[in-house]
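Chains as they are written, first to last, in the numbering used here: chain A, 898 to 1107; chain B, 898 to 1107.
Glycine included, every Cβ here is placed at the ideal spot set by N, Cα and C.
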DNA sequence: GCTTGACTTGACCGAACAGTCAATTCATTG
DNA sequence: CAATGAATTGACTGTTCGGTCAAGTCAAGC
């Protein structure tokens, strides 16, 4: 049961890093093998295809990075609207980190991969869809809680969550295309407006809290 | 001067269609040649490289489709805020058309290509950036006009335009990934909120940060 | 020390990749 | 008609692609 070889993990991480830094296109089997320092035979010992590795890599990224980060950001101990503030900071910090460590703003690997492979890799795209939906679920439940507390006044938390998520991903992809972390920040003001517009005028303090 | 052959145009259109329907990755020289019914020698008679064709194809798409459409949508004869309504309809109609004609929602070819090639094709990405900026310029000048007329109350039309544009592109890419035209519609409500929040008559200016 | 099965290796395959090129067709114009 | 240059053709190059495979190495359990 215990893994006697780290090759599998190295392959997963080489794949996700390459997708993120370059693209799924650039993540050729040879390139992944070289980056992970694994020979091609071993690659196909662990994964039945390149697509299978990519799918496993998405799960691995979610489990090791995205989910823990989201669990912290959307912690129940934080007031629901404050979670969004924290989310904004998180995305911005990551964009700045990216540019420092990789020389480029890289955006969201799920979103880039989803867009790139939507018309070619249905299996992979289905996995991306599930992960994006799960991500959006964090936003939705925070909005639901905020609504229940009377912090905001919106009709459909699900639709609002979809909007906010699209705004985040849109800004993040703009940041990637323009290689400019400040583009991520753009959505901070807009988010305030999207949620803020639903705040009853009697409690303007909650808007400032955000 | 007059074009004695349509091969060049056929190549431009085959390239843009393939990028749009599949991806830049799928747009191999052989695939483009087959789609355009042009032999490989002719390809390299008209274009010095695949990248050069892609860049020319972006210009061609802008000149023949995007610019005319935007000039109509953002016509000075239309009230500034009505232009946004028209823009929403345009994006939604296109998504529905896509699914009918191509079997898939395809999103924005500039945005998809930009995200895909951002870290690999600087020349192409620069062209994408210029086109996206020009697109955003239409939004910005409409917001400026709306502000001058007192229709909305925003601090920075430039930043607001960037937000709205990211929202549009984000929703559109979601629609591509989920192959669901309704995802494009999501931003209609949000857009109303983003702009509407600045309309003095309807909302008592809760968040004027933007 | 023998078996077992996870892991590793590097050579190999056919297809697809971007790009080259010499030879040829074709429409225009002097 | 002859000349010219744009346009076309298909065979070719060297490389990279995803994937296969036979022949191993190696550590643990009997």
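Figure out for me which residue from A:998, A:976, A:904 has the closest Cα to the Cα of residue 1045 of chain A. A:976
According to a CB-to-CB cut-off of less than 8 Å, which residues of the region 926-948 of chain B neighbour chain A? none
If you follow the alpha helix (DSSP H) that residue 999 of chain A is in, where does it begin and where does it stop? 977-999
Would you call residue 1050 of chain A buried or exposed, if buried means 16 or more other Cβ atoms sit within 10 Å of its Cβ? exposed
Is residue 915 of chain A close to chain B? Criterion is C-beta to C-beta, closer than 7 Å. no
Please tell me whether residue 1098 of chain B has its Cβ less than 7 Å away from any Cβ of chain A. Low local confidence applies: a pLDDT of 39 at residue 1098 of chain B is under 50, so the model's placement there is unreliable, and no value is given.
Would you decide whether residue 920 of chain A is buried or exposed? Buried here means 16 or more other CB atoms lie within 10 Å of its CB. buried
Measuring CA to CA, which of A:934, A:1039, A:987, A:1014 is closest to residue 1084 of chain A? A:987
Exposure of residue 925 of chain A, with buried meaning 16 or more beta-carbon neighbours within 10 Å: exposed
Should the region 1068-1079 of chain A be regarded as contacting the region 1017-1036 of chain A, the criterion being three or more beta carbon pairs within less than 8 Å? no
With a Cβ-Cβ cutoff of 7 Å, do residue 916 of chain A and residue 1010 of chain A count as a contact? yes
Residues of the region 978-1000 of chain B in Cβ contact with chain A at a cutoff of 7 Å, in chain order, please. none
Within-7 Å CB hit, residue 1085 of chain B to chain A: no
Using a Cβ-Cβ cut-off of 7 Å, state whether residue 961 of chain B counts as contacting chain A. no
Neighbourhood of residue 1057 of chain A by C-beta, 6 Å cutoff - its chain only, sequence neighbours within 5 removed: 1040, 1051
Report the residue ranges of all alpha helix (DSSP H) runs contained in full by the region 900-984 of chain A; include only those spanning at least 4 residues, in chain order. 904-918, 926-933, 937-943, 947-958, 964-970
Using a beta-carbon distance below 7 Å, is residue 1034 of chain B in contact with chain A? no
Any idea if residue 945 of chain B is buried or exposed, counting beta-carbon neighbours within 10 angstroms, 16 or more meaning buried? exposed
Using the three-state DSSP reduction, which class does residue 1030 of chain B fall into: helix, strand or coil? helix
Decide if residue 980 of chain A is buried, meaning its Cβ has at least 16 other Cβ atoms within 10 Å, or exposed. buried
Using beta carbons (cut-off 7 Å, strictly below), is residue 1013 of chain B in contact with chain A? yes
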